[in-house]
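Number of protein chains: 2
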Amino acid sequence: MKSFFETVRLERVHELARQLATLEAENVPLEMALGRTLAGDLRADQDLPGFDRSSMDGYAVQSRDSFGVSESSPGYLRLVGDVVMGRAPGFVIDRGECARIFTGGMLPAGADAVIQVEHTRQTDERTVEVVKAVAPGTSVMGACDDARAGQVLLTAGHRLRPQDVGLLASLGVHDPVLVRRPKVGIISTGDEVVPVDRALAPGQVRDVNAFTLAAQVREAGAEPVVLGLVGDDAPALVQATAISLDRCDLTLLSGGSSVGLRDMTRDAFLSFEGSKLLVHGVSVSPGKPFIWVQNGRHPLCGLPGQVASCMVAFHLFAEPMLERMLGREPRSFARFARVSARLGRNVSAPPGREVYLRVALVETGQGLSAEPLLGKSGLLRTFTQGHGIVRIPLGVEGLLQGADVTVMVFP
Amino acid sequence: MKSFFETVRLERVHELARQLATLEAENVPLEMALGRTLAGDLRADQDLPGFDRSSMDGYAVQSRDSFGVSESSPGYLRLVGDVVMGRAPGFVIDRGECARIFTGGMLPAGADAVIQVEHTRQTDERTVEVVKAVAPGTSVMGACDDARAGQVLLTAGHRLRPQDVGLLASLGVHDPVLVRRPKVGIISTGDEVVPVDRALAPGQVRDVNAFTLAAQVREAGAEPVVLGLVGDDAPALVQATAISLDRCDLTLLSGGSSVGLRDMTRDAFLSFEGSKLLVHGVSVSPGKPFIWVQNGRHPLCGLPGQVASCMVAFHLFAEPMLERMLGREPRSFARFARVSARLGRNVSAPPGREVYLRVALVETGQGLSAEPLLGKSGLLRTFTQGHGIVRIPLGVEGLLQGADVTVMVFP
Chain A
419 MKSFFETVRL
429 ERVHELARQL
439 ATLEAENVPL
449 EMALGRTLAG
459 DLRADQDLPG
469 FDRSSMDGYA
479 VQSRDSFGVS
489 ESSPGYLRLV
499 GDVVMGRAPG
509 FVIDRGECAR
519 IFTGGMLPAG
529 ADAVIQVEHT
539 RQTDERTVEV
549 VKAVAPGTSV
559 MGACDDARAG
569 QVLLTAGHRL
579 RPQDVGLLAS
589 LGVHDPVLVR
599 RPKVGIISTG
609 DEVVPVDRAL
619 APGQVRDVNA
629 FTLAAQVREA
639 GAEPVVLGLV
649 GDDAPALVQA
659 TAISLDRCDL
669 TLLSGGSSVG
679 LRDMTRDAFL
689 SFEGSKLLVH
699 GVSVSPGKPF
709 IWVQNGRHPL
719 CGLPGQVASC
729 MVAFHLFAEP
739 MLERMLGREP
749 RSFARFARVS
759 ARLGRNVSAP
769 PGREVYLRVA
779 LVETGQGLSA
789 EPLLGKSGLL
799 RTFTQGHGIV
809 RIPLGVEGLL
819 QGADVTVMVF
829 P
Chain B
419 MKSFFETVRL
429 ERVHELARQL
439 ATLEAENVPL
449 EMALGRTLAG
459 DLRADQDLPG
469 FDRSSMDGYA
479 VQSRDSFGVS
489 ESSPGYLRLV
499 GDVVMGRAPG
509 FVIDRGECAR
519 IFTGGMLPAG
529 ADAVIQVEHT
539 RQTDERTVEV
549 VKAVAPGTSV
559 MGACDDARAG
569 QVLLTAGHRL
579 RPQDVGLLAS
589 LGVHDPVLVR
599 RPKVGIISTG
609 DEVVPVDRAL
619 APGQVRDVNA
629 FTLAAQVREA
639 GAEPVVLGLV
649 GDDAPALVQA
659 TAISLDRCDL
669 TLLSGGSSVG
679 LRDMTRDAFL
689 SFEGSKLLVH
699 GVSVSPGKPF
709 IWVQNGRHPL
719 CGLPGQVASC
729 MVAFHLFAEP
739 MLERMLGREP
749 RSFARFARVS
759 ARLGRNVSAP
769 PGREVYLRVA
779 LVETGQGLSA
789 EPLLGKSGLL
799 RTFTQGHGIV
809 RIPLGVEGLL
819 QGADVTVMVF
829 P
């Protein structure tokens, strides 16, 4: 068996990805921060909520006044005021006293707990009957319960979820400092590929990769710049690459990396001053013909043309680069949840390759079964009908039915 | 113990949500389709790929010509042509013949398999040595392998992932018919709440809910319309609600639904002609004071003001409504993956409530442990430091350490 590429292992690609620089930081309006990445650690500049607050509607009390009370042996407290929402109470709770308070209201000095309104009854204008004993701190959110001044709440590289956007809002950070989103130039090539709105002649297929890659780029937190479909000829490849180098931070060229066209793609990438070939071939399946030429800070990537292989290659190679450019740890399938399952049937793996097998998850009653989706790796239905991916490590010739596997689930 | 609301069970809310109408359909450019929802079934109007294609670089052959060949006993085939990418080959493969073909090339008539180039050697201009036997169909993607004409590939209500966008592209659907995204009016209220860019006086907190809800709405596939912060007074609530009824498909008002302000919110919602109270109080914690007033096709929702409770309530009540308006099955925590874990410590649940407990997931070596995040339910850190939510069903007084639980993992 001949070796066509000097293949490297996937770990080597991630090692190289780790050397990519994080993009610069920028201030972003908080409304636009969802899914973006923190450029620095987020530190609380104040205690949060900053004062003791009630977490219930009820009465603020000194808890020891409630000790021993019950339905059959109620206690009676003197009502000395109402806590007005959004203001510091102008009174203190002494022994035997209470104040009406709503959820979120500021606890008056002296009080250390709240008795829920359900466990009270106002007997006259100045008297409240209480029937439940509470411990100090009951139904109270402490002044530092959400955060303590100086505490690191989120770290650099964290991708903001709704709750994190809320945390920024609670701290008054209305224009957080975030990593700029990488712009990703997407180029499709292949003489058999036609634009998506074109009728197909025999032998032709539509330009699917431009759409799947743009969507994957967007989900990875970057910005796709679709540069279109170019023919399998050197001047066209060079021209499209030049535009992407000029406008974007990373280039994804799909199609030109199989044995027939790989040299042309590689040569187009290497025709630019400062270009350096880092990777040509990785011991994975699918994704083996991957090309990485680095030009300054800009990775130029050649991905397989087959649509499903191209999707896997994006997750294996391009997403870790984008993760790094966003200041995160480079990792394949970074956004995929992991679940345990048993393999539904025997599968074999070609020697010398790490295999990324598409599977469907089926609930069997004895737990999840991962059913390999047979069919050629180029088939999109391995992604549309599948639920996730199982990795068969290098050196393993196959896995038996019933083997415990970890499935990386499509988000 | 007094009952303050006529509470209903969560299932009742979902039953009512099921009666909401799906919004109208619209054509959307495929570039904008990621995360959107199909309005109708997607049917293949043609076979895909539509012709037999090679999934490897190599030689197209009649497989029977390879039977019995091996490294030690090679076969020899006459090279009769090259398959040009994107064109139907103008020749036929007869017995003893082969043609050079690249990945994605159209199989010539007569050929039924491809021998990978790694298992071949061109010995002269017209002769190829082959050293591996292949079965019929080897390294060939059949004409209908991705789809058969008439087959339903995706069903109405499906939310489009990158692979689904690719499937649409492969079918030439460049402006799919999708359900319009619901516009969601977001109103914050509470006299203690101030805008996010304001310095805090004692007793005040910032308007976090506007940001968390807007982000949650966006992740649910709908469009947030932030209508701002209004005071706890009836005319202001009515005015803000009127704007939302006019501009949006659903309203989320946070803050005015606790016992102190619930009547004001409810009355504001009910002040509009055609309004009907559907729900006032649900037997869940957090989220109990939820209000649902229906006005025509527009749900008016009152959510708790406490930030974490408000986030849970969104998932419990509002997201199922949005799911339904998008043509999907209404379900709480619809986008959350489920993982199995063991509970890290005992927890108790208040009687008569279904509890949604925030937990952190910890890998123990014996599988995942779900550690309850103690602290008041209003605390945002139960979301920022947690990984997911465990449901304690109605009628269960608590769960013991070590109990098997299902964790709904934050996306």
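Going down the list, the protein sequences come from chains A and B. Counted the way our numbering counts, the first sequence spans residues 419 to 829. Counted the way our numbering counts, the second sequence spans residues 419 to 829. Where is the CB? At the ideal position from N, CA and C, for every residue including glycine. Values in this document were obtained by computation on a predicted structure and should not be read as measured data.
DSSP state of ARG471/A mapped onto helix, strand, coil:
To locate residue 471/A, count along the first sequence from 1; it is residue 53. Here ARG471/A sits in strand by DSSP.
Output yes if chain B places a C-beta closer than 9 Å to the C-beta of VAL614/A; else output no.
By 1-based counting over the first sequence, the position of residue 614/A is 196. Yes - at least one Cβ of chain B is within 9 Å of the one on VAL614/A.
Would you kindly work out how many angstroms separate the C-alpha atoms of VAL777/B and GLY783/B, rounded to a whole number?
Here residue 777/B refers to the residue found at position 359 of the second sequence. Here residue 783/B refers to the residue found at position 365 of the second sequence. Each residue's Cα considered, the two are about 18 Å apart.
I'd like to know whether the C-beta atoms of SER473/B and ASP530/B end up nearer to each other than 9 Å.
To locate residue 473/B, count along the second sequence from 1; it is residue 55. To locate residue 530/B, count along the second sequence from 1; it is residue 112. Result no, Cβ atoms of SER473/B and ASP530/B do not sit closer than 9 Å.
Would you kindly work out how many angstroms separate the C-alpha atoms of ASP650/A and ALA686/A, rounded to a whole number?
Position 232 of the first sequence, counting from 1, holds the residue named residue 650/A. Position 268 of the first sequence, counting from 1, holds the residue named residue 686/A. Between ASP650/A and ALA686/A, the C-alpha separation is close to 11 Å.
Apart from the five residues just before and just after ALA561/A, which ones in its own chain have a Cβ nearer than 7 Å to its Cβ?
Along the first sequence, one-based indexing puts residue 561/A at 143. Cβ within range, chain order: ASP465, PRO467, GLY468, PHE469 and ASP470.
What residues in the region 482 to 500 of chain B have a beta carbon less than 7 Å from any beta carbon of chain A?
none
Per-residue DSSP class, three states only, for ASN713/A:
Within the first sequence, numbered from 1, the residue matching residue 713/A stands at position 295. Note: ASN713/A maps to strand in three-state DSSP.
Does the region 602 to 621 of chain B come close enough to the region 637 to 654 of chain B that 3 or more CB-CB pairs lie under 8 Å?
yes
Considering just the uninterrupted stretch of the alpha helix (DSSP H) at GLU737/A, what are its terminal residues?
Within the first sequence, numbered from 1, the residue matching residue 737/A stands at position 319. That run of the alpha helix (DSSP H) goes 737 to 743.
Where DSSP assigns a beta bridge to MET559/B, which residues make up the other side?
By 1-based counting over the second sequence, the position of residue 559/B is 141. DSSP, once it has assigned bridges, lists ARG471/B as partnering MET559/B.
C-alpha gap between GLY806/B and LEU578/A, whole angstroms
As a working mapping, residue 806/B is identified with position 388 in the second sequence. As a working mapping, residue 578/A is identified with position 160 in the first sequence. Taking the straight line joining both Cα atoms gives about 16 Å.
At a Cβ threshold of 9 Å, is ARG471/B touching chain A?
Indexing the second sequence from 1 puts residue 471/B at position 53. Closer than 9 Å: yes.
Verify the CB distance criterion: does ASN627/B have a CB-CB separation below 9 Å to chain A?
By 1-based counting over the second sequence, the position of residue 627/B is 209. Yes, because at least one Cβ of chain A sits closer than 9 Å to the Cβ of ASN627/B.
So the candidates are ASP564/B, LEU460/B and ILE519/B; which of them puts its Cα closest to the Cα of VAL532/B?
Reading the second sequence from its first residue, position 114 is the one you call residue 532/B. The option with the nearest alpha carbon to VAL532/B is ILE519/B.
GLN819/B, buried or exposed, once every other Cβ within 10 Å from all chains shown has been counted against 16
In the second sequence, residue 819/B corresponds to position 401, counting from 1. GLN819/B should be labelled exposed.
Nearest-angstrom Cβ-Cβ length linking PRO722/A and ALA731/A, presumed shorter than 8 Å:
Here residue 722/A corresponds to residue number 304 of the first sequence, with the count starting at 1. Here residue 731/A corresponds to residue number 313 of the first sequence, with the count starting at 1. With a Cβ gap of about 6 Å, PRO722/A and ALA731/A count as contacting.
Starting from LEU668/B, follow its DSSP beta bridges and name the residues at the other end.
Position 250 of the second sequence holds residue 668/B. DSSP, once it has assigned bridges, lists VAL602/B as partnering LEU668/B.
Name the chain A residues that come within less than 9 Å of PHE831/B, Cβ to Cβ?
With chain B covering 419 to 829 only, the question about residue 831/B has no answer from this structure.
Where does THR425/A sit, in a helix, a strand or coil, going by DSSP?
Position 7 of the first sequence, counting from 1, holds the residue named residue 425/A. Of the three classes helix, strand and coil, the one that applies to THR425/A here is coil, per DSSP.
Whose CA, out of PHE801/B, ILE810/B and ALA821/B, lies closest to the CA of PRO829/B?
Residue 829/B sits at position 411 when you count from the first residue of the second sequence. Taking only the C-alpha atoms, the option nearest PRO829/B is PHE801/B.
Helix, strand or coil for PRO642/B? Go by DSSP, reduced to three states.
Taking the first residue of the second sequence as position 1, residue 642/B is located at position 224. Looking at PRO642/B - three-state DSSP - the assignment turns out to be strand.
Here's the rule: buried if 16 or more other CB atoms are within 10 angstroms of the residue's CB, otherwise exposed. What is MET729/A?
For the purposes of this step, residue 729/A is taken as residue 311 along the first sequence, with counting starting at 1. The residue in question, MET729/A, is buried, as its Cβ has 16 or more Cβ neighbours within 10 Å.
Looking at VAL548/A and PRO738/A, is the spacing between their C-beta atoms short of 9 Å?
As a first step, residue 738/A is located in the first sequence; it is residue number 320 there, counting from the start. As a first step, residue 548/A is located in the first sequence; it is residue number 130 there, counting from the start. For PRO738/A and VAL548/A, no; Cβs fall outside 9 Å.
Spatial neighbours of ALA632/A within its chain, please: C-beta separation below 7 Å, excluding the five flanking residues on both sides.
Residue numbering aside, residue 632/A sits at position 214 when the first sequence is read from its first letter. For ALA632/A, where only same-chain residues beyond five positions count, the Cβ hits under 7 Å are ILE604, PRO642 and VAL644.
Should ASP563/A be flagged as near chain B, meaning a C-beta pair shorter than 9 Å?
On the first sequence, position 145 is the one that residue 563/A refers to. So yes, ASP563/A belongs to the interface.
When you compare only the Cα positions, how much space is there between GLY813/B and GLU789/B?
To locate residue 813/B, count along the second sequence from 1; it is residue 395. To locate residue 789/B, count along the second sequence from 1; it is residue 371. Spanning the two alpha carbons is a distance of roughly 22 Å.
By the DSSP assignment, the alpha helix (DSSP H) with LEU572/B in it spans what residues?
As a first step, residue 572/B is located in the second sequence; it is residue number 154 there, counting from the start. Here LEU572/B belongs to no alpha helix (DSSP H); instead the beta strand (DSSP E) covers 570 to 572.
Answer with yes or no whether the minimum CB distance from PRO554/B to chain A is below 9 Å.
Your numbering for residue 554/B matches position 136 in the second sequence. It does not; no Cβ of chain A falls within 9 Å.
ASN445/B - partner residues in DSSP beta bridges
Taking the first residue of the second sequence as position 1, residue 445/B is located at position 27. Partner(s): VAL595/B.
Report the residue from LEU596/A, PRO748/A, ASP625/A and GLY575/A whose alpha carbon sits nearest the alpha carbon of VAL725/A.
On the first sequence, position 307 is the one that residue 725/A refers to. If we check each option's Cα against that of VAL725/A, ASP625/A comes out closest.
Given that THR683/B touches chain A, what residues does it touch there, using C-beta distances under 8 Å?
For this step, residue 683/B is matched to residue 265 along the second sequence. Neighbours of THR683/B on chain A: none; closest Cβ ~14 Å, over 8 Å.
Spatially closest choice to ALA628/A from PRO580/B, SER672/B, PRO594/B and VAL602/B, by CA coordinates:
Position 210 of the first sequence, counting from 1, holds the residue named residue 628/A. Nearest of PRO580/B, SER672/B, PRO594/B and VAL602/B to ALA628/A, Cα basis: PRO580/B.
N- and C-terminal bounds of the beta strand (DSSP E) containing ALA633/B:
As a first step, residue 633/B must be located in the second sequence, where it is residue number 215. Careful: ALA633/B lies outside any beta strand (DSSP E), inside the alpha helix (DSSP H) at 627 to 637.
Which whole-angstrom value is the C-beta distance of VAL597/B and LEU448/B, which I expect to be below 8 Å?
To locate residue 597/B, count along the second sequence from 1; it is residue 179. To locate residue 448/B, count along the second sequence from 1; it is residue 30. That pair is no contact at about 16 Å.
What span of residues does the alpha helix (DSSP H) with PRO580/A cover, start to end?
The residue given as residue 580/A occupies position 162 in the first sequence. Its alpha helix (DSSP H) spans residues 580 to 588.
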